[in-house]
Structure formats: structure tokens, C-alpha cells
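Protein chains in written order, with our numbering: chain A, 91 to 345; chain B, 455 to 757; chain C, 2 to 136. Glycine included, C-beta positions come from ideal geometry on N, C-alpha and C. Just so you know, these numbers come straight off a predicted model, no measurement behind them. Presented below is the structure to which this report refers.
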Amino acid sequence: MTFRLILSTIPAAVAAAALAVMPAPASAQSSKGQQYKAPRTPDGQADLQGIWEVRNSPDKDLEKAKGLIVEPKNGKIPYLPAALARKTSNEKNSAAEDPLNKCYMPGVPRINLLSHPFQIFQTPTQISIAYEYIHNFRNVYLKRDKHLDGIDFWQGDSLGHWEGDTLVVDVANFNDQTWFDKAGAYHSDQLKVVERYTRTGPDTLQYEATITDPKVFSAPWKISITLDRDTKPNARILEYECQYLADEAAKKKGN
Amino acid sequence: MRKGFLGMTAGTLAVGTILFLKPAPAAGQDTPPGPPREGGGRGGRGAGFGRGRSPLPPAGPFKRTADGKPDLSGYWNAANNGGAVFEVQKHPVARPGYPPGPGAIVDPPDGLIPYTPEYAKRAKANFDEHLADEPELHCYESGLPNQMYRQFGFQILQPAGYLVMNWEFMHAVRIIPTDNRPHGLPASTRLFEGDSVGRWEGDTLVVDTTNLNDRTWLDSAGNVHSDQMHVVERFTPVDERTINYEASMDDPKAYTRPWTVKFPLSRNMQPNYEIMEFACIEGNQDVHHYIEETGGKAKAVIP
Amino acid sequence: MRAKFAIPAVGVTLLLAAEPVVAHHSFAAEYDSTKPITIKGSFVKMDWVNPHSWIRFNVTGDDGKVTLWSAEALPPNGLYRQGWRKDSLKEGEEITVTGFRAKDGTATMWSSSVVRADGKKMFSGRADGEEGPPR
Numbered sequence: 091m092t093f094r095l096i097l098s099t100i101p102a103a104v105a106a107a108a109l110a111v112m113p114a115p116a117s118a119q120s121s122k123g124q125q126y127k128a129p130r131t132p133d134g135q136a137d138l139q140g141i142w143e144v145r146n147s148p149d150k151d152l153e154k155a156k157g158l159i160v161e162p163k164n165g166k167i168p169y170l171p172a173a174l175a176r177k178t179s180n181e182k183n184s185a186a187e188d189p190l191n192k193c194y195m196p197g198v199p200r201i202n203l204l205s206h207p208f209q210i211f212q213t214p215t216q217i218s219i220a221y222e223y224i225h226n227f228r229n230v231y232l233k234r235d236k237h238l239d240g241i242d243f244w245q246g247d248s249l250g251h252w253e254g255d256t257l258v259v260d261v262a263n264f265n266d267q268t269w270f271d272k273a274g275a276y277h278s279d280q281l282k283v284v285e286r287y288t289r290t291g292p293d294t295l296q297y298e299a300t301i302t303d304p305k306v307f308s309a310p311w312k313i314s315i316t317l318d319r320d321t322k323p324n325a326r327i328l329e330y331e332c333q334y335l336a337d338e339a340a341k342k343k344g345n
Numbered sequence: 455m456r457k458g459f460l461g462m463t464a465g466t467l468a469v470g471t472i473l474f475l476k477p478a479p480a481a482g483q484d485t486p487p488g489p490p491r492e493g494g495g496r497g498g499r500g501a502g503f504g505r506g507r508s509p510l511p512p513a514g515p516f517k518r519t520a521d522g523k524p525d526l527s528g529y530w531n532a533a534n535n536g537g538a539v540f541e542v543q544k545h546p547v548a549r550p551g552y553p554p555g556p557g558a559i560v561d562p563p564d565g566l567i568p569y570t571p572e573y574a575k576r577a578k579a580n581f582d583e584h585l586a587d588e589p590e591l592h593c594y595e596s597g598l599p600n601q602m603y604r605q606f607g608f609q610i611l612q613p614a615g616y617l618v619m620n621w622e623f624m625h626a627v628r629i630i631p632t633d634n635r636p637h638g639l640p641a642s643t644r645l646f647e648g649d650s651v652g653r654w655e656g657d658t659l660v661v662d663t664t665n666l667n668d669r670t671w672l673d674s675a676g677n678v679h680s681d682q683m684h685v686v687e688r689f690t691p692v693d694e695r696t697i698n699y700e701a702s703m704d705d706p707k708a709y710t711r712p713w714t715v716k717f718p719l720s721r722n723m724q725p726n727y728e729i730m731e732f733a734c735i736e737g738n739q740d741v742h743h744y745i746e747e748t749g750g751k752a753k754a755v756i757p
Numbered sequence: 002m003r004a005k006f007a008i009p010a011v012g013v014t015l016l017l018a019a020e021p022v023v024a025h026h027s028f029a030a031e032y033d034s035t036k037p038i039t040i041k042g043s044f045v046k047m048d049w050v051n052p053h054s055w056i057r058f059n060v061t062g063d064d065g066k067v068t069l070w071s072a073e074a075l076p077p078n079g080l081y082r083q084g085w086r087k088d089s090l091k092e093g094e095e096i097t098v099t100g101f102r103a104k105d106g107t108a109t110m111w112s113s114s115v116v117r118a119d120g121k122k123m124f125s126g127r128a129d130g131e132e133g134p135p136r
């Protein structure tokens, strides 16, 4: 978070009088029993576009983020017994071994849970998510129905389809290199993630992710969290250039 | 015997199976068969090359979006950049690793960057002594105009109100609102890709970029700019396969006058092409080797 | 191994005549394009990394000594677009690697192509060190 301040001196969000980027939907605001109806993109998709960010740094420790893990009900990641030792050792050595501390790609869903916003763009064939965190981007393919074969990625290969107004993203082809949080929650290359993005109001997006990995977990587990929109006029994501910051810090130390 | 086996000792040769081959012209015959098919197959999506098939039919007119503006979306590359990716200005002297080239500068007419004396010195020092500091070696984004002629091509997405450009190389991103909004960042905020705002002038998208940092180069040869640089780009579609790209740089600290590059952006015609993830820092062992081997700085490339 | 980033056109068809001659920065400094070489060995593993992938294979000399060779190849996305997959080569498989020897005399080479045990030839880097579709 402090690094962000180096790069930006933008004051705190302007008052609530700030206009939302998107026009308000024609239908009623969400109220008990009535579902919010998102506006549409020109080609009829529910419009999820905008700049979104989580609060309260859930990526510190998923199990300690209140209400984040909704399945299983006890809020604990269901590690296989053999996998627990590794998680414990990861957590102990987090400072040295967290891939994020080496400026590596965060993986999914961690990249959506960082204290850095991302911006969703929608076209008829792809949904592209641009992240402030080291200018990562994820392309979600709406017109490809099979994952690529024989190659893996840090952030996986994302295929998207709509279930009503919910964008469902099927992510596979992960390598085994990322962690889910700073506390050493990890996965194998058998990881699969199914994400669900649902706009629940003009400035809120509900993000859910179901994580499956038979090599590490005894059962799938699920997180759910609300993302808030940046409603400042002319809002934009900035840059968090982890490697550059590390290089500059090393220079100061006289390396 | 030594000569015939290229100076290698017998001990390093596989038993009885060394062949002396010319550079393999036949390599191309054996690339994955056929163009990529729907639903995968040997080439899969985004894979394979349609190689050397019949020439393309003449290009038709460019499409338009629902609001009547030119549709620039798709996959593009800047193949014809005059060698700008090596050196953006005219470089008539062949160097090991890259041939001479005209560069991409159309103004001034001599094709050279109109440096102030101080920045001319910095550029020379980079080339002579600091090639290991090339920002791309450290996985930084390339800034402007360098990003536009970086390798492996890029995609343009054009949702309402924006032009979004994603590069495979370094997964660089440029987000350009096209609603003629003003710049809004404080002068103290400096970004690798700057702050870009766009507006349409007829069928030309004009993009104005400020708030650049001074951490990027103009090319791989060490040409530089200061953090005062201001860039105005013009994207003008010609037909469905070509966009004319022009960028003017003005930077009173580094240059005695503005200068302009110009080159075409060509549409990637490969069916089912996709930009793929490019993990840079994660695999970037070479920076360390490069720096170790050159004692922390790189000499000019020598034959 | 000094290797700057390779230059354009991996994975981009560029059938157009306008494709530029672009050369890998360090190819000429590190590899001798006048000295092609082909070596047979036993596949160990591949590092699918940017800026260049590496094919590691054991080569047994006449004296029985085994040397681990490293052959530089296209970056991962380039390999993928040429039809390479993570399981294209099996550990222990006999492969034949064609390319150019490193100038420094180590067990290192640039690889233009690899022939698998089943005879399939796979392009892994342009014969002249440039990147892009084979000529």
C-alpha cells in the first residue's frame, strides 16, 4: 500500500456527489427481494465495466479474512493431510518464499484480491481485465470453448460464458508456482478455478471463486467477496511496478 | 579433423552421428500441419502458422463501430519500423546483431534525434557502457514511442469510450480513454506508459500523453528522453489491414525541437491468433548473467 | 549466457513481403552462424521461460563421457505456436538437435530444429538466429 503512495498523490475519493462512470440502470435499485439489473453493453452483455477493488487486504491470509471463505462453512481451506505440512512451512518462510515478494505473477484468484484495482473491459469476443499490479492483464475468451493443450501459465487460461447476468470464468492450465495469499496457501498444477462476477449495484461487484485441486485439497472450496467501484470522475488505474521498486531499493542500498 | 568438426573435441560428440548441415532451408516444410482448426487439433488455437499460402486479396475498407468511429480492434504488429526497435533514429552502420536501417524518424529530415548536448551525452554513454541497463532487460514497460514497435505484436480492444492496447511482450498495457477528457494526474505522478487521453478528429484518433517517467528508452540502443517528454500520437486507419501511426515527441530538456516517427501498423491475419501470457520476471535469468558477465555494465556489442 | 530479448515476429505469421530482417541481439555475438552443428542426445528437460526456452539433453562422447548440453530455443509462446507442447519430448528420448555452436566453446548451442525419436521434426528457432517463421 505504501508503494502506491509513491506513485500517486491522488487525494481520497471525492464526495459521493461524484458521478458514477456508468449510467444508472433503468430498473429499481436493489432492495429486499429485488435483484439489481445491470445496464447492457452494446452487444447485450451485463455491463461489468469499471475499476474495481477489494477492501481490507484479504490476500494477507484468506482464512483470516472474515466471511471470505464461504465453503466449507467452517471457513478453513480443506487441505489434504499430506499438504498441510507444506502450507505450514510456506507460512513460516513467507517473507523469503512468497512468490509475490519476488514480483512474480499473483495467479488466480489472488490477483483479484490485492490492494490494487483492476479495470474490466468488455467486447463481444473477449473480456479483458487490466490490473494495476505490474500491468498484468487477463483475457477471458468468450468464443473459445476448449482450453489450450500442453502449455501452462501463471494466471491460467480463461474461458468465459454468461449465466444470466453472471460472468462465469473457467480457468485452467495453471502452473504450480503461485500462492493464494501471504500465509502460504498453495496449489499444484492440477488447480482449476471457476470465477463468477455479478454486478450487484451501480458500484458493487460480487466476486466468487471455487477452487479445486485434488492433489492439495480434499474438496473444492469457495470464496466470495464484494468489490467496490472507483467512482471518481476520470478514474484510472495507475502502475505498481514491483520490479522497478525493488531495483530502486537495491540501488539505494548501494548494490 | 578439428577444423571439420568445428573445433570440438571428440569427447563432446555423440557417437558417430555428427552431421554437417547447412542452415536448414527445409525447416519450414516441417512446421505443424495445416492452419489451426476450430475445436483444436494438432495446432490448437492460436498455434501454428499458415505458411506461404496464396497472397492475400486486396484489402477492403476498414470497419466502423456502432458510433461511427473507425474500428481499430484486432491484432496488430509494427513489422515495418525501419529497425526502430534496435535504434529509432537512422543507423547506417551495421552492428553485430542488427543491420543498418533508416529508423522511423520522418522529422527532422535527417532522421536523427535532435538531442540537447547533455542528452546526446547520456545516449552515447548508454550505448557505450550501459546496454545492460536496457529497461526491457529488467522487465519494465517500454514507454513511448518504443512500446509501439516492440516485438511479438499487440491487440487493440475498443469498448465504448476506450482504446485498450495489450502487448504480449512484458504484458504491457495502455488504456486510452477516447472521450476527450483532460489529463487529471498531478505532475508528481510519473508512469512508465504515462497518462494518455484520446479524441477523434475525423477518422484519426489523436492521443495525448503526459506524466511519463524517464525510466524508459526509445529503443535498444540507449536513446533517451527526460520526464518532461510529451507525446502526441495519431492513429489513422487506411484500410482493413493497415493503420498509419505517427508520434511526435517534444521534450525541452532532452531535445532542441520536437521530432516525429511514422510507420504502419499491420493487421495480423493469422486465424484464431491470440495474445498469450508472457512471464518476464519469473523466467528472467538472463539479466543476471548479462550483468555478471559484463562486470555490471555491457560494452558495446563487438564482433 | 548473455542474451538480450529476441526481436519480433515469433508467432506472427507475417506472410507479407514487408517482414523486416530482424536479428536476435546477441545471436551474432554468442553463436557462429557459419558453423552449423547437429548433435544427438538423450532429452533431459526443457525450461519454458522467457526470453528464451532451453532444451537440456545429455550427449555421450566416444569416450563414454556424458555432457549436459543446453540448446537455446524460442520463447514459450513461440514454441507453442510452432506446435510444441509441454509433453512433446519425453525424458530419455533420443533427440537430434540442429543449430549453431556457441562461440565460447561450452556445451551450448542455438537450436533451429529438433527431431524427435519418432522422426518428427520440430522447428525451434530460425536457422539464421532470427525469430519468426522459417524461410
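Residues of the stretch 615-630 of chain B that bring their beta carbon within less than 7 Å of a beta carbon in chain C comprise Glu622, in sequence order. The C-beta of B/Asp521 has fewer than 16 other C-beta atoms within 10 Å across all chains shown, which makes the residue exposed.
At a cut-off of 8 Å, the C-beta of B/Gly638 has a neighbouring C-beta in chain A. By the C-beta density criterion, B/Pro515 is exposed, having fewer than 16 other C-beta atoms within 10 angstroms. Shown here, B/Leu617 sits in a strand according to DSSP, grouped into three states. For B/Met730, the nearest CB of chain C lies under 8 Å from its own CB, placing it at the interface with that chain. For a cut-off of 8 Å, the C-beta gap from A/Gln333 to A/Pro304 is around 34 Å, too long to register as a contact. Secondary structure of C/Gly79 (DSSP, three-state): helix.
Against chain C, a Cβ distance below 7 Å from B/Ala577 picks out nothing, because the smallest value is about 18 Å. The beta-carbon distance between A/Ala275 and A/Lys156, rounded to whole angstroms, is 16 Å. This is too long to meet the 8 Å contact definition. Counting other Cβ atoms within 10 Å of its Cβ, A/Asp247 reaches 16 or more and is therefore classed as buried. The residue from B/Met683, B/Leu611, B/Asn531 with its alpha-carbon nearest to that of B/Phe623 is B/Asn531. At the C-beta level, C/Ala74 and C/Glu94 stay beyond 8 Å of one another. For chain B, the residues of the stretch 71-95 of chain C that bring a beta carbon within less than 7 Å of one of its beta carbons are Asn78, Tyr81, Arg82, Gln83, Gly84, in chain order. Around A/Asn324, the beta-carbon contacts reaching into chain B at under 8 Å are Pro631, Arg635, Pro636, Gly638. Chain order gives no chain A residues near B/Leu566, where near means a beta carbon separation below 7 Å; the closest approach is about 29 Å.
For A/Ala220, the uninterrupted beta strand (DSSP E) segment begins and ends at 216-221.
Contact between the stretch 133-140 of chain A and the stretch 248-258 of chain A is present: 3 or more CB-CB pairs across the two stretches fall below 8 Å.
The three-state secondary structure of B/Gly607, taken from DSSP, is coil. Scanning A/Tyr223, A/Ser205, A/Lys233 for the CA closest to the CA of A/Ile217 turns up A/Lys233. Per DSSP, the beta-bridge partners of B/Trp530 are B/Phe608, B/Arg721.
Distance between B/Pro524 and A/Lys322, taken at the CA atoms: about 29 Å. Your pair B/Thr664 and B/His684 checks out as a contact, with CB atoms roughly 6 Å apart and the cut at 8 Å. Scanning A/Lys343, A/Ala336, A/Gly344, A/Ala340 for the CA closest to the CA of A/Ile224 turns up A/Ala336.
The beta carbons of B/Glu590 and A/Trp244 sit no closer together than 8 Å. Of all residues in the stretch 47-74 of chain C, the ones placed with a Cβ closer than 7 Å to any Cβ belonging to chain B are Val50, Asn51, Pro52, Val60, Thr61, Gly62, Asp63, Asp64, Lys66, Thr68, in chain order.
Closest by C-alpha distance to A/Met195, out of A/Phe270, A/Gln125, A/Asp235, is A/Phe270. Taking the Cβ atoms as the reference, B/Ala548 lies roughly 34 Å from B/Asp693, outside the contact range of under 8 Å.
Only residues of its own chain outside the window of five on either side were considered, and among them Asp133 have a CB closer than 7 Å to the CB of A/Pro214, listed in chain order. At a C-beta separation below 7 Å, A/Pro132 has these neighbours in chain B: Ala520, Ala614. B/Ser680 does not reach chain A, its nearest Cβ partner there being about 17 Å away, counting only Cβ pairs nearer than 7 Å. Among the residues of the stretch 214-245 of chain A, those with a Cβ less than 8 Å away from any Cβ of chain C are Leu238, Asp239, Gly240, Ile241, Asp242, in the order of the chain. Interface flag for B/Ala733 against chain C is set, since a Cβ pair is found closer than 8 Å. Leaving aside the five residues that flank B/Arg576 on each side, the residues in its chain whose CB is nearer than 7 Å to its CB run, in chain order, Val678. Between A/Arg228 and A/Ile219, the CB-CB gap stays under 8 Å. One finds nothing in chain B with a Cβ atom closer than 9 Å to the Cβ of A/Asp293; even the nearest lies about 18 Å away.
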